[in-house]
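Just so you know, full-length UniProt numbering puts the end of the sequence shown at 173, numbered straight through with nothing missing. Working notes, beginning with the structure itself.
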Amino acid sequence: MENLYSLAMMESNADSRNDQPVFAAELFPYRSLGRKGFKVLLGVSGAICFMYGMFFIVTGAWPIGFFFGLDFLLLYGAFWLNYRSGRVREEVTVSRTDVSVRKFSPSGRMIEHHFNPFWTRFLVRRHQEIGILSMHIFGEGRRTDVGSFLNPDDRESFAKAFKRALATVKQRI
């Protein structure tokens, strides 16, 4: 009985080693304007819109003053939508037993894709001048795109690291 237990423990340790990620990446879109910059931009544009809006209201051209307020609201709405879309992210992990892609939408909804690493293929579409246009993971009749929101340099580094991780997993038999 004791030998059976130790064999099961060794097999479970081997399984846990197989489940250890060889590669893990969290992908998220780049935003050039941080929260502090956003507040400064809104403060300055709000002050300018308010000042000019009040000037036109006082001089009797009140419809123009209200359009300055509408401009400010549209600017705020555009940045709000931009920051909301920035909450998109993807988590990609590769282990000996699984390739997992977890996609999170701006609302927080998650979609998860799993692939067998030995059947997984990674397709990269390139343009001669631009670089990587798209990246797709194929396997067992299913596919998903990865990193569609990344900039060209980040796509290159992710593609190189992901290919290396898949090759590493497939070599260790």
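Backbone N, C-alpha and C define an ideal beta-carbon position, used for all residues, glycine too.
Assigned exposure category for Gly53 - 16 Cβ within 10 Å defines buried: buried
Through-space distance from Arg84 to residue 175, alpha-carbon basis: As shown, the chain starts at 1 and ends at 173. That puts residue 175 outside it, with no answer to give.
Given 8 Å, three or more beta-carbon pairs between the stretch 97-117 and the stretch 55-72: no
The stretch 91-99 touching the stretch 114-125, judged by at least three CB pairs closer than 8 Å: yes
Exposure label - Gly34; buried when at least 16 CB within 10 Å: exposed
Assigned exposure category for Ala47 - 16 Cβ within 10 Å defines buried: exposed
Of the listed residues Tyr30, Phe68, Cys49, Asp19, nearest to Arg155 (C-alpha basis): Tyr30
Beta-carbon proximity check, Gly139 vs Thr168, cutoff 7 Å: no
Span of the alpha helix (DSSP H) around Val40: 35-58
DSSP bridge partner residues for residue 174 (one or two, in chain order): Nothing about residue 174 can be reported from this structure: the residues present for the chain run from 1 to 173 only.
Run of the beta strand (DSSP E) containing Glu140, from where it starts to where it stops: Element bounds for Glu140: n/a, residue is neither H nor E.
For Glu26, the nearest candidate out of Leu70, Arg126, Phe72, Val88 (CA to CA): Val88
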